[in-house]
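Worksheet for the structure shown next.
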Amino acid sequence: MKAHHIIILSGLAILPLACGPASTESGEVGNDSAVIDLNKEVVSAENVFIYIPSPIQTAELLKQAGAKYSVDLVNSPENASIYTTTAAMALNMGVYGSDLAFAGIFNQSAETIKYMDCTRKMADGLHVLAAFGDDRKLRLETNINNRDSVLSIITDSYWDCDAMLQDNEQSHASALMIAGGWIEGLYLACRVAESTNNNDIRIRIVEQRSSLDKLIILLDKQEHNDVTLISTQLKELKLIFDKLPKNTDGSLIETKDPETGISVIEAENPTTPQSLNALEFKQILDKITEVRNGIITRS
Amino acid sequence: MKISTKAIVLATVFSLAVSSDVVSQCSKTWVRKKCVPKVSPFIHNGQMNSTLLKEGDKMESVMTFYSGQDYRILICAEETLENVSFLVSDMTGKVLYDSKAHNNTDFWDFKVKTTTEMRVEVAAGKNEGGNGSASGCVSILVGFKSK
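Given below as C-alpha cells:
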C-alpha cells in the first residue's frame, strides 16, 4: 500500500496528539512502565503506515452509541448511474462502501445486497471488479444471515479495491475512495446525531478529528486536481475541529480487568469526553453535508 | 561451450534483480491466509499494513483506538525472521505493552476506556546464529469486537 507510506515526522506537525519535542536524554525505566529511548533510530519512511478507521469500524461505533438504521440517510442506489468520471466513481465507491458497512452492521440484509451491487458497479467502472469477484457476491448472499461473515466480506472487498487501485497505478482513486468512505461515515454520524440529539454520537464525531488529520495527510500525497479539491474541503472542515478544545495530554495507563485479566487502557488523567455544543455541531453538520452532497451529485 | 565473463555477470545481475523483485513484495495472499485467521474472534478492520523487513529494521503505525471497544493488535511475520517483537506506547512515549516481556507473543488483546492514539512499533531483531541478511514480510493487523 505504497500511497499510505508517509514521512511520519512531517505528519507529526499536523497530528493533534504529536509526540513531544525530541530529547537528548535516555529514557528511564520506572517500576510499572518504561519510557521509550528517544535516541532510538528513526523508522524508515517507507515503513511508517497511516491507519484510517474502516467504514465497518465507524458504523460499529455508531451502533454502539445507540444509532438506528435509516434508509433515508444513505446515498440512493439510483444515483449510481450518474457517476461516469474516475473521481466520481472512486468517491462514490467509498460512499457506497460506507453505506454497505452501515447496512451490514445493522443486519439489513436486503440493503446489504443492494449496496454491494452499488459498490460492484463503481468497481467495474474503475476496472477493479476483480476485487469483488462473482464468488464474493455469492458468498455474501449465501452467508447473509451470518453477521461476522458479512462484515468480513465487506471489509475484504473494501481493502482489496484499495489495493487493486494502487496496483493499477490509480493511487489517487484509492485515496478518493477512502476519502469518500470517511466523509459518508461522518455524514451518517452527524445526521443520526441531529435526529436523536444523542450526546454519545456527538462525542464520537469529535473523536474523528485525528483520523481527519491522517486523511488529509494521505490526500496531500497525491498530486491530482480531483484529490486537491476534496483535500481543500476537508481542510475547511479541519478548521472547525481545530477550534474545539483538546482535553487530553495523551498519557495513558494500563491496568488489568479484575474478572478477565485483560489489559485495560485509559487516560492517566481522565477528563469528561469532549462533546459539541449546538453551534459547533451545526458547523460540522453543515460543512460535512456540503462536502458529501457535492460528492453524491457529481458526475 | 565457453561462457563469457560478461554473460555470467549479466546472468548474476538479472537473477539478483528477479529475486529482489520477488522478496520486495509482501503478498496480500500470504497475509490473508497466514495472518487474518489469527485475528479471530475479533473482526479484522481490513487494513493490512505490511512491509518487507530485514534483520534490524523497524516499522510503525499510529492508530486511534475508541473508548468502549475491545481490540487485538496482531503482528504477523514470515518465519525467516525469528526474532520479531513489538511495542505499544502512548503518544508521550510511555510503553504500555512490550511483547518481549510477555514471552514474545505475537498479539495483544486489550480494552479501551478512553479514546486515544497509540503507536505500534515492530522490530525485526537479529536471528540467532544468522548472518544478518534474513528478511521477511511483517504485517500489523488490528481487530475489534462487534457487540
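Sequence order for the protein chains is H and V.
Here the working numbering = 1-based position in the first sequence + 8.
Here the working numbering = 1-based position in the second sequence + 13.
A virtual CB, placed ideally from N, CA and C, is assigned to each residue, including glycine.
Cut-off 8 Å between Cβ atoms - residues of its own chain near residue i, not counting five sequence neighbours on either side
| i | result |
| --- | --- |
| residue 161 (chain H) | 144, 147, 148 and 151 |
| residue 92 (chain V) | 149 |
| residue 155 (chain H) | 112 and 115 |
| residue 29 (chain H) | Model confidence at residue 29 (chain H) stands at a pLDDT of 31, short of 50, so the residue's coordinates are unreliable and nothing is read from them. |
| residue 108 (chain V) | 100, 101 and 102 |
| residue 74 (chain V) | 62, 132, 133 and 153 |
| residue 170 (chain H) | 9, 182, 185 and 186 |
| residue 37 (chain V) | Its pLDDT being 42, under 50, residue 37 (chain V) is placed unreliably by the model, and nothing is read from it. |
| residue 45 (chain V) | 61 |
Neighbourhood of residue i by C-beta distance below 6 Å, restricted to the same chain and skipping five residues each side
| i | result |
| --- | --- |
| residue 190 (chain H) | 223 |
| residue 85 (chain H) | 122 and 126 |
| residue 291 (chain H) | 248 |
| residue 15 (chain H) | Note that residue 15 (chain H) scores a pLDDT of 32, beneath 50, so its modelled location is shaky and nothing firm can be said. |
| residue 211 (chain H) | 281 and 283 |
| residue 51 (chain V) | 87 |
| residue 137 (chain V) | 66, 68, 70, 94 and 97 |
| residue 217 (chain H) | 249 |
| residue 194 (chain H) | 216 and 296 |
| residue 158 (chain V) | 55 and 83 |
Interface partners of residue i on chain V, CB under 7 Å
| i | result |
| --- | --- |
| residue 65 (chain H) | 58 and 157 |
| residue 270 (chain H) | 122, 123 and 124 |
Own chain partners of residue i with C-beta closer than 7 Å, once the 5 adjacent residues on each side are dropped
| i | result |
| --- | --- |
| residue 183 (chain H) | 11, 226, 227, 230 and 235 |
| residue 38 (chain H) | With a pLDDT of only 33 at residue 38 (chain H), under 50, the local geometry of the prediction cannot be trusted, and the value read off the model is given with reservation. If we look at residue 38 (chain H) and ignore the five residues flanking it on each side, it has no Cβ neighbours. |
| residue 62 (chain H) | 163 and 166 |
| residue 123 (chain V) | 84 |
Whole-Å CB distance - residue i paired with residue j, under 8 Å assumed
| i | j | result |
| --- | --- | --- |
| residue 97 (chain H) | residue 130 (chain H) | 5 Å |
| residue 100 (chain H) | residue 188 (chain H) | 6 Å |
| residue 198 (chain H) | residue 186 (chain H) | At roughly 19 Å, the Cβ-Cβ gap does not stay under 8 Å, so residue 198 (chain H) and residue 186 (chain H) are not in contact. |
| residue 137 (chain H) | residue 94 (chain H) | Rounded, the Cβ-Cβ distance is 15 Å, inconsistent with contact. |
| residue 274 (chain H) | residue 127 (chain V) | 5 Å |
Neighbour list for residue i in chain H, Cβ cutoff strictly below 7 Å
| i | result |
| --- | --- |
| residue 81 (chain V) | 72 |
| residue 154 (chain V) | Within 7 Å Cβ-Cβ: nothing; residue 154 (chain V) doesn't reach chain H, min ~11 Å. |
| residue 118 (chain V) | Neighbours of residue 118 (chain V) on chain H: none; closest Cβ ~12 Å, over 7 Å. |
Chain-ordered chain V contacts of residue i [CB-CB under 9 Å]
| i | result |
| --- | --- |
| residue 179 (chain H) | Simply none; closest approach about 15 Å. |
| residue 56 (chain H) | 72, 73, 74 and 75 |
| residue 51 (chain H) | 70, 71, 72, 73 and 134 |
| residue 8 (chain H) | The requested residue 8 (chain H) does not occur in the structure, where chain H is confined to residues 9 to 307. |
Neighbouring residues, chain H, relative to residue i (Cβ below 9 Å)
| i | result |
| --- | --- |
| residue 160 (chain V) | 68, 71 and 72 |
Closer than 7 Å at the beta carbon, the chain B residues around residue i
| i | result |
| --- | --- |
| residue 171 (chain H) | Note that chain B does not occur in the displayed structure, where the protein chains are H and V. |
Chain-ordered neighbours of residue i on chain V, where CB pairs are closer than 8 Å
| i | result |
| --- | --- |
| residue 62 (chain H) | 58, 59 and 60 |
| residue 59 (chain H) | 60, 62, 74, 75, 76, 77 and 155 |
Validate contact between the segment 102-113 of chain H and the segment 68-87 of chain H using beta carbons, cut 8 Å, 3 pairs: yes
Touch test, the segment 109-118 of chain V against the segment 71-85 of chain V, Cβ-Cβ under 8 Å, three pairs minimum: no
The segment 201-219 of chain H contacting the segment 155-171 of chain H, beta-carbon criterion three pairs below 8 Å: no
Using 8 Å as the threshold, is the segment 93-103 of chain V in touch with the segment 128-142 of chain V, meaning 3 or more CB pairs across them? yes
Can you pull out the residues from the segment 234-261 of chain H whose beta carbon lies closer than 9 Å to at least one beta carbon of chain V? 256, 257, 258, 259, 260 and 261
Could you name the residues of the segment 273-289 of chain H whose beta carbon sits closer than 8 Å to any beta carbon of chain V, in the order they occur along the chain? 273, 274, 275, 278 and 281
Any residues in the segment 64-81 of chain V with a beta carbon nearer than 8 Å to a beta carbon of chain H? Which ones, in chain order? 64, 66, 70, 71, 72, 73, 74, 75, 76, 77, 78, 79, 80 and 81
Is the number of C-beta pairs between the segment 139-155 of chain V and the segment 46-58 of chain V that are closer than 8 Å three or more? yes
Which residues of the segment 190-218 of chain H have a Cβ closer than 7 Å to any Cβ of chain V? Give them in chain order. 215 and 218
Relative to chain V, which residues along the segment 156-167 of chain H have a C-beta separation below 8 Å, given in chain order? 156, 159, 160, 163, 164, 166 and 167
Select from the segment 86-108 of chain V all residues with a C-beta closer than 8 Å to any C-beta belonging to chain H, and list them in chain order. 100, 102, 103, 104, 105, 106, 107 and 108
Does the segment 237-248 of chain H come close enough to the segment 262-277 of chain H that 3 or more CB-CB pairs lie under 8 Å? no
Relative to chain H, which residues along the segment 138-150 of chain V have a C-beta separation below 7 Å, given in chain order? none
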